[in-house]
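At position 116 of the sequence shown (counting the first as 1) the number is 99 in the numbering used here, and the numbers step up by one without a gap.
Structure record follows, encoded as structure tokens.
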Amino acid sequence: DLLQNTLTLKTLKMLHLDVRSYHSDHVPWPPACAVEHLTLRNLNLHQLVCIISQRNRFQSLTLKNISMKDFDLRSAKAVQLDGVRSFQLEESELFMEKVLWLVSATPKLRHWKLEGFTPRIAEIFREHRLETFIQTQVSELKTLRFFIRFSPVEFKINQSLVESLLEQFHRP
């Protein structure tokens, strides 16, 4: 398999991979590879877990257009991304419990970009959830960039929630 052979190259440090051609949740990933900077596009959370469950050296991980909807956290096995310092989640529907589960596997995270959309903005910022998570789970975080899209109707309904969110990040 071309992917397997490529991934076993010891000189391969950066990889951009579109996973849409894999029609199953299993992605043939070797038990160890030298890739340090990984960008994956058009995948689901099952495929990601298949990849990151292998021993890895990832320092940066970028996920674009990842589907999380059909992933059940109750049956998920623990994953470790101890070396990841930069994590970017882009162009994806955000299910915060799944996003936080992933990020909790990156204890040395320093740079986090969260960009996506949600039909339920209240879930993301309910009870200072994100703020508490950042303070307790990613204490080395230096940069957080986020852009979350939601419908204008949702904004009108939850305008006070959005104002409360902004207040959370304006504290000294």
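A virtual CB, placed ideally from N, CA and C, is assigned to each residue, including glycine.
Residue i vs residue j beta-carbon contact at 8 Å
i           : j           : result
residue -5  : residue 18  : yes
residue 11  : residue 42  : no
residue 45  : residue 16  : no
residue 84  : residue 56  : yes
residue 13  : residue 37  : yes
residue 67  : residue 92  : yes
residue 77  : residue 117 : no
residue 121 : residue 86  : yes
residue 51  : residue 20  : no
Cα-Cα separation between residue i and residue j, rounded to whole angstroms
i           : j           : result
residue 126 : residue 28  : 24 Å
residue 40  : residue 34  : 12 Å
residue 100 : residue 59  : 23 Å
residue 6   : residue 47  : 17 Å
residue 73  : residue 115 : 22 Å
residue 113 : residue 107 : 7 Å
residue 90  : residue 61  : 13 Å
residue 22  : residue 3   : 13 Å
residue 88  : residue 69  : 12 Å
residue 75  : residue 133 : 12 Å
residue 54  : residue -15 : 28 Å
residue 102 : residue -7  : 43 Å
residue 111 : residue -1  : 34 Å
residue 63  : residue 124 : 17 Å
residue 79  : residue -11 : 33 Å
Bounding residues of the alpha helix (DSSP H) (the contiguous stretch that carries residue i)
i           : result
residue 74  : Careful: residue 74 lies outside any alpha helix (DSSP H), inside the beta strand (DSSP E) at 69 to 76.
residue 112 : 112 to 120
residue 28  : 28 to 35
residue 79  : 79 to 86
residue -15 : -15 to -10
Per DSSP, cross-strand counterpart(s) of residue i
i           : result
residue 126 : 94
residue 45  : 22 and 71
residue -1  : 22
residue 50  : 27
residue 99  : 75 and 131
residue 38  : 15
CB contact below 8 Å: residue i versus chain D
i          : result
residue 99 : Among the chains of the structure shown, chain D does not appear; only one protein chain is present.
Cβ distance (whole Å) where residue i is taken to contact residue j below 8 Å
i         : j          : result
residue 8 : residue 25 : Incorrect: roughly 14 Å between the Cβ atoms, too far for contact.
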